[in-house]
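Working notes, structure below.
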Amino acid sequence: MSLARRLILALIALTLTMLAAGGAVVVIQRHYLVQQLDTRLSQLAENPVVPLLLSQRSRQVSRFPAAFGDIYLGIRNADGTLTTIQAPTDDPSVEPNLQGVQSLPVPSGRPTTAGVASEMRVMTIESFGATAVIGISAQNARDATSRLILALAAAGVIIGLVVGSVVWWVHRLGLAPIARMTEAADAIAAGATDRRVEAYRPGTEAARLSQALNTMIDTIQATEDRMRRFVADASHELRTPLTTLRGYSALYSSDGPVDTDGVQDAMRRINDEARRMGGIVEALLDLNDLDEHGIADRELVDIVPLVAAVVDDLHVIQPERCIRVEMPSSLCAAAVSDRVIQAVLSLATNALRHTPSDATITIRVIVIDNSVRISVDDTGPGIAPEHLPHLFDRFYRADSGRARSRGGNGLGLAIVAAIMHAHNGTFGVDAQLGRGSSFWIEFPRGIPECGDVGQRGRSTRTRPDAIATS
777 MSLARRLILA
787 LIALTLTMLA
797 AGGAVVVIQR
807 HYLVQQLDTR
817 LSQLAENPVV
827 PLLLSQRSRQ
837 VSRFPAAFGD
847 IYLGIRNADG
857 TLTTIQAPTD
867 DPSVEPNLQG
877 VQSLPVPSGR
887 PTTAGVASEM
897 RVMTIESFGA
907 TAVIGISAQN
917 ARDATSRLIL
927 ALAAAGVIIG
937 LVVGSVVWWV
947 HRLGLAPIAR
957 MTEAADAIAA
967 GATDRRVEAY
977 RPGTEAARLS
987 QALNTMIDTI
997 QATEDRMRRF
1007 VADASHELRT
1017 PLTTLRGYSA
1027 LYSSDGPVDT
1037 DGVQDAMRRI
1047 NDEARRMGGI
1057 VEALLDLNDL
1067 DEHGIADREL
1077 VDIVPLVAAV
1087 VDDLHVIQPE
1097 RCIRVEMPSS
1107 LCAAAVSDRV
1117 IQAVLSLATN
1127 ALRHTPSDAT
1137 ITIRVIVIDN
1147 SVRISVDDTG
1157 PGIAPEHLPH
1167 LFDRFYRADS
1177 GRARSRGGNG
1187 LGLAIVAAIM
1197 HAHNGTFGVD
1207 AQLGRGSSFW
1217 IEFPRGIPEC
1227 GDVGQRGRST
1237 RTRPDAIATS
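Note that the sequence shown covers residues 777 to 1246 in my numbering.
Here is the structure:
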């Protein structure tokens, strides 16, 4: 059952409850007023003034006490007719109609109702050998009951308008938007990926829900787009070495190169492509492992010797490259040593690959707030602004042709991003065309238990043995 139907049923139940409660109040109030009249009648029947009035049998109303101004007093004759002795001052002609009343209660009994222009509560008393009828008009009780009914009706109308307004308001700002969002979600689930939820008045739950739903849909759509691009890029990356392998195997099968040099060249190319394809597969497996399991065995490690080891590897890769290092003597972070080396080496290798050999690379280790930042700066050609948001995406290349010719597969920076996510760290890049690039990563800083605590983060030094001139 929908929320709108539940709300309607609740409104109907509330209306019935109000009607039942109002009816009960009216019945109880009328019973109370009649009971008050009956109590007064019983008290009057026992009042000695009543027999006195009967003994006088006079119509001189002016002699009667003021307390009896609303009392009817009469004698019931043997033939059932009434002789009025006193009538209420506000209606002197009133006389109860005893037709149909077989017997009136005695003082010890309960008063009954006799019909008049308005109902009258009556009872009898025996005095001086006559049967007297004493009564009190119930008009005031009826008027009070009527006023109560009108008041309850007016209150019910006001409450109904207020409740109806609230229900309409809730339906317009809450239930109706939810129904439309549900319809949109069903359409999206059915394949209408371009469908979006309309915007609603700011500050309402419907507005926040619609915004969250649209954001979720956009995120899912972007994820699907990235997945499609990932599959296409992975297929493209694997297709090239597979084509090479297939070509050389076909050439060998068709009695292609028979000389030793030709066979060696074919085997070398086959080995290069197989190694490249294996590198792509290993990188993808590494990314999947980081995404699925993260890093659980972090410990306090000294970043400085790890960066120094990476610098030594860079000198082996490009001995002629000018590499500068600025870092303190010791600096600790909560990390995994192998992953730190892997991330820094990926950034540095990326700088080596995409800058000319005469460009200088500077690796810095500093403290920023409560994090340890490792940056790899270069004086290369820089990167266009439109490429910066996508550099850490998988298989993304700012210059795909150049990257492929230099052996890149577009996964190095993506692995760096995955490593930093697993460490709850941050990463980024600052670059301008013609002014070089700066790739950086930040690890959460550990408890300062290594190195010179007093100078950490402020003093830096250049390692003379880590600088090579081109």
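Here a beta-carbon is modelled for each residue, glycine too, at the ideal position from N, C-alpha and C.
Secondary structure at residue 1157: coil, using DSSP grouped into helix, strand and coil. Residue 1171 and residue 982 have their C-alpha atoms spaced approximately 39 angstroms apart.
DSSP, reduced to helix, strand and coil, places residue 818 within a helical segment of the structure shown. When only Cα atoms are considered, residue 1198 and residue 995 end up about 21 angstroms apart. With a cutoff of 8 angstroms on beta-carbon distance, residue 1049 and residue 1081 are scored as not near each other.
DSSP, reduced to helix, strand and coil, places residue 873 within a strand of the structure shown.
The segment 1117–1133 and the segment 1149–1158 touch, with three or more beta-carbon pairs separated by less than 8 angstroms. Three or more beta-carbon pairs separated by less than 8 angstroms link the segment 1100–1115 to the segment 1069–1089, which places the two stretches in contact. Judged by pairs of C-beta atoms under 8 angstroms, the segment 1037–1048 does not touch the segment 1201–1220, as fewer than three such pairs exist. For residue 1100, the enclosing beta strand (DSSP E) starts and ends at 1099–1103. No residue range can be given for residue 857, since it is assigned to no alpha helix (DSSP H) and is classified by DSSP as neither H nor E. Between the C-alpha atoms of residue 1052 and residue 953 there is a straight-line separation of about 54 angstroms.
Around the beta carbon of residue 1079, 16 or more other beta carbons sit within 10 angstroms, so the residue counts as buried.
Bridge partners of residue 1078 according to DSSP: 1108.
As computed with DSSP, residue 1215 is found in a beta bridge with 1152, 1205.
Boundaries around residue 1138 are those of the beta strand (DSSP E), 1137–1144, since no alpha helix (DSSP H) includes it.
Annotated as distal: residue 1150 and residue 1099, with beta-carbon spacing of 8 angstroms or more. Proximity to residue 989 across 1166, 1000, 971 peaks at 971, based on C-alpha coordinates. Secondary structure of residue 1017 (DSSP, three-state): helix. DSSP lists 851, 901 as the bridge partner or partners of residue 908. In the structure shown, residue 1133 falls within a coil segment according to DSSP collapsed to helix, strand and coil. For residue 920, the CB contacts under 7 angstroms within the same chain, skipping 5 residues up- and downstream, are 809 in chain order.
Collapsing the DSSP output to three states places residue 971 in coil. By the neighbour-count criterion, in which a residue is buried when 16 or more other Cβ atoms sit within 10 angstroms of its Cβ, residue 1192 is buried. Shown here, residue 1221 sits in a strand according to DSSP, grouped into three states. Between residue 1126 and residue 1189, the beta carbon gap of about 6 angstroms places them in contact (Cβ cut-off 8 angstroms).
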